[in-house]
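A.B. asks: Numbering (our numbering), first residue to last: 106 to 436.
All residues carry an ideal CB built from backbone N, CA and C; glycine is no exception.
Below you will find the structure I want to go over with you.
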Amino acid sequence: MKLILIGEEHSRRTDYLKKAAGSLNIQLDVICWNKLQEDFPIKSLDNAFVKIDPPCYQTIRLSHMQSLLAEYQKTLQKLMQADCHFLNSPEAIWQLLDKKRTKEYLQKHNIPATQMFSEDIQEPEQLISQMHENHCYSVFVKPRYFSGAAGVAAFRIHPASGKMMLYTSCRLENKELINTKKLSKLSGCSEIIDILEKLLTLGCVVERWHPKADFRGKSYDLRVVFQYGHIAHIVVRQSDGPITNLHLNNQALDVQSLGLDAGMLQNIADICSRATAGFEGLNMSGIDILLEKKTMRPLIIEMNGQGDLIYQDIFGENNIYREQVEKVCRI
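Spelled out as structure tokens, the structure:
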């Protein structure tokens, strides 16, 4: 069976999947995203094993990301026509990109997850009103469809004084939101309101800011790569602030350093299994999980159908990608 990667010609993802394939004497053919034009012969994918990696976008403007996202959705819809074996189907990838739909599924099926506000919030004043109504004064505001930390903001307001605090990697430039790789802490009310106003126009979900467990003075959460029914890898993401994404120069630790017992790890595996079971065509997911401060209760933050790039793994045994390639040998 042919092994095909839809992705970028030169990237860490591509290079290390090639390395895994080569170690098993399997040829990997790469189809670049820019070749998936209107005239691309979808039937050339028939009977192959296909992995879809995310396209690499160079833009830092969040408004431009919206239009690129629409193009991405259109291409995924085209790939749905292929008669092949997908690692993750285009449908599953798109479903997990939708934070609102994913969190609604988790809540409906009583799978432990961070709490999402049910209201459709479009303006800062509405956000603050809902925070008071829900007696929840610390929240995350996230674009519904973006991945990584793009556009994510952690917002806190004092219920009595109205004093505000915002952590975000966004900034305003010529009245446009720009995504950066630096986390900033803002306290000026007018600046915070301006950023939230622009951010909420993108279509956002709002979630309770659950306090995270800490290790050696820094809060942390877990990126769990769960594939083919088991945990393939866990990396600890540690940060001085509330946003732990590793490309914001946060620290990655080996999960063994936390000393989690077997019962906790099994609980995490069970939660991941229940979560992934609800999405047809999903064989791998990068699942972000926090351990709640004081209770150590695991809660799913987000799920990502393309969240399998773990540097600690690819620079080590490369087990995640190797297992994916091994599945080709068994089909």
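With DSSP collapsed to three states, give me the class of residue 284.
C.D. replies: For the purposes of this step, residue 284 is identified with residue 179 of the sequence shown, where counting begins at 1. Looking at residue 284 - three-state DSSP - the assignment turns out to be strand.
A.B. asks: Report the start-end ranges of each alpha helix (DSSP H) in the region 134 to 222 that is 4 residues or longer and not cut off at the edges.
C.D. replies: The region 134 to 222 contains these whole alpha helix (DSSP H) runs: 167 to 184, 195 to 202 and 204 to 213.
A.B. asks: Take residue 299 as the anchor and find which of 278, 430 and 251 has the nearest alpha-carbon.
C.D. replies: The residue given as residue 299 occupies position 194 in the sequence shown. Selected option, being the one with the closest Cα: 278.
A.B. asks: Taking Cβ positions, are residue 318 and residue 428 nearer each other than 8 Å?
C.D. replies: Here residue 318 refers to the residue found at position 213 when the sequence shown is read from its first residue. Here residue 428 refers to the residue found at position 323 when the sequence shown is read from its first residue. Cβ atoms of residue 318 and residue 428: not closer than 8 Å.
A.B. asks: From 123, 107 and 270, pick the residue whose C-alpha is nearest to that of residue 113; which is it?
C.D. replies: Residue mapping note: residue 113 aligns to position 8 of the sequence shown, counting from 1. Comparing Cα-Cα distances from residue 113 to each of 123, 107 and 270, the minimum goes to 123.
A.B. asks: Can you check whether the CB of residue 425 is closer than 8 Å to the CB of residue 405?
C.D. replies: Indexing the sequence shown from 1 puts residue 405 at position 300. Indexing the sequence shown from 1 puts residue 425 at position 320. In this structure, residue 425 does not lie closer than 8 Å to residue 405 by Cβ.
A.B. asks: Please state whether DSSP places residue 112 in a helix, a strand or coil.
C.D. replies: Within the sequence shown, numbered from 1, the residue matching residue 112 stands at position 7. Of the three classes helix, strand and coil, the one that applies to residue 112 here is strand, per DSSP.
A.B. asks: What residues in its chain sit with their C-beta under 7 Å from that of residue 436, if we drop five residues either side in the sequence?
C.D. replies: The residue given as residue 436 occupies position 331 in the sequence shown. Closer than 7 Å at the Cβ level, and outside the excluded window around residue 436, lie 106, 154 and 190.
A.B. asks: In its own chain, which residues sit with a C-beta less than 6 Å from the C-beta of residue 316, not counting the 5 before and 5 after it?
C.D. replies: Counted from its first residue, the sequence shown places residue 316 at position 211. Contacts found: 398.
A.B. asks: What number of angstroms, rounded off, separates the C-alpha of residue 218 from the C-alpha of residue 170?
C.D. replies: Translated into the one-based positions of the sequence shown, residue 218 becomes position 113. Translated into the one-based positions of the sequence shown, residue 170 becomes position 65. Each residue's Cα considered, the two are about 27 Å apart.
A.B. asks: Excluding the 5 residues flanking residue 411 on each side, which residues of the same chain have their C-beta closer than 8 Å to its C-beta?
C.D. replies: Walking along the sequence shown from the start, residue 411 turns up at place 306. Same-chain partners within the cutoff: 157, 158, 159, 193, 198, 252 and 391.
A.B. asks: Less than 8 Å between the beta carbons of residue 165 and residue 136, yes or no?
C.D. replies: The sequence position of residue 165 within the sequence shown is 60, counting from 1. The sequence position of residue 136 within the sequence shown is 31, counting from 1. Not closer than 8 Å, so no.
A.B. asks: Taking the CB atoms as reference points, tell me whether residue 312 and residue 220 lie closer together than 8 Å.
C.D. replies: By one-based count along the sequence shown, residue 312 stands at place 207. By one-based count along the sequence shown, residue 220 stands at place 115. Result yes, Cβ atoms of residue 312 and residue 220 sit closer than 8 Å.
A.B. asks: Span of the alpha helix (DSSP H) holding residue 241?
C.D. replies: One-based indexing of the sequence shown puts residue 241 at position 136. Where residue 241 is concerned, there is no enclosing alpha helix (DSSP H), given that its DSSP letter is neither H nor E.
A.B. asks: What is the DSSP secondary structure of residue 428, counted as helix, strand or coil?
C.D. replies: Residue mapping note: residue 428 aligns to position 323 of the sequence shown, counting from 1. Helix, per DSSP.
A.B. asks: Give me the Cβ distance between residue 273 and residue 295, rounded to the nearest whole Å; I'm assuming they're in contact under 8 Å.
C.D. replies: Here the question's residue 273 lines up with position 168 in the sequence shown. Here the question's residue 295 lines up with position 190 in the sequence shown. Between residue 295 and residue 273 the Cβ distance is about 15 Å, and since that is not below 8 Å, they are no contact.
A.B. asks: Just to confirm my understanding: we take residue 333, look at its own chain, exclude 5 residues before and 5 after, and list those with CB closer than 8 Å. What are they?
C.D. replies: The sequence position of residue 333 within the sequence shown is 228, counting from 1. Within the same chain, residue 333 has close Cβ partners 388, 389, 428 and 432.
A.B. asks: With DSSP collapsed to three states, give me the class of residue 416.
C.D. replies: Numbered from 1 along the sequence shown, position 311 holds the residue referred to as residue 416. In this structure, residue 416 counts as helix in the three-state DSSP scheme.
A.B. asks: Quick one: measure Cβ to Cβ for residue 212 and residue 206, integer angstroms, because I've assumed they're closer than 8 Å.
C.D. replies: Taking the sequence shown and counting its residues from 1, the one referred to as residue 212 is at position 107. Taking the sequence shown and counting its residues from 1, the one referred to as residue 206 is at position 101. That pair is no contact at about 11 Å.
A.B. asks: Which residues mark the beginning and the end of the beta strand (DSSP E) in which residue 292 is found?
C.D. replies: Counting from one through the sequence shown, the residue named residue 292 turns up at place 187. Residue 292 -> no beta strand (DSSP E), and no H or E assigned at all.
A.B. asks: Thinking residue 359 and residue 323 are a contact (beta carbons under 8 Å), I'd like their distance in whole angstroms, please.
C.D. replies: Working through the sequence shown from its first residue, we reach residue 359 at position 254. Working through the sequence shown from its first residue, we reach residue 323 at position 218. Going by Cβ atoms, the distance from residue 359 to residue 323 rounds to 15 Å, so no, they are not a contact pair.
A.B. asks: Thinking C-alpha only, which one of 382, 421 and 330 is nearest residue 73?
C.D. replies: Because the chain spans 106 through 436 in this model, residue 73 falls outside it and cannot be assessed.
A.B. asks: With 16 as the cutoff for other CB atoms within 10 Å, does residue 127 come out buried or exposed?
C.D. replies: Counting from 1 along the sequence shown, the entry for residue 127 is found at position 22. By the 10 Å Cβ count, residue 127 comes out exposed.
A.B. asks: I need the straight-line Cα distance from residue 286 to residue 256, nearest angstrom please.
C.D. replies: Position 181 of the sequence shown, counted from the start, is the residue given in the question as residue 286. Position 151 of the sequence shown, counted from the start, is the residue given in the question as residue 256. One C-alpha to the other measures close to 11 Å.
A.B. asks: DSSP three-state call for residue 407: helix, strand or coil?
C.D. replies: The residue labelled residue 407 in the question sits at position 302 within the sequence shown. Residue 407: strand per DSSP, three-state reduction.
A.B. asks: Measuring straight from C-alpha to C-alpha, what distance separates residue 348 and residue 341?
C.D. replies: One-based indexing of the sequence shown puts residue 348 at position 243. One-based indexing of the sequence shown puts residue 341 at position 236. Approximately 13 Å, taken between the alpha carbons.
A.B. asks: Can you look up residue 270 in the DSSP assignment and give me helix, strand or coil?
C.D. replies: By one-based count along the sequence shown, residue 270 stands at place 165. Here residue 270 sits in strand by DSSP.
A.B. asks: Ordered along the chain, which non-local residues of its own chain (more than five positions away) have a Cβ less than 6 Å from that of residue 269?
C.D. replies: Counted from its first residue, the sequence shown places residue 269 at position 164. Excluding sequence neighbours, residue 269 sits near 262, 294 and 297.
A.B. asks: So, for residue 401: in the same chain, excluding its five sequence neighbours on each side, which residues have a beta-carbon less than 8 Å away from its beta-carbon?
C.D. replies: For the purposes of this step, residue 401 is identified with residue 296 of the sequence shown, where counting begins at 1. Counting only Cβ-Cβ distances below 8 Å, and skipping sequence neighbours, we find 318 and 369.
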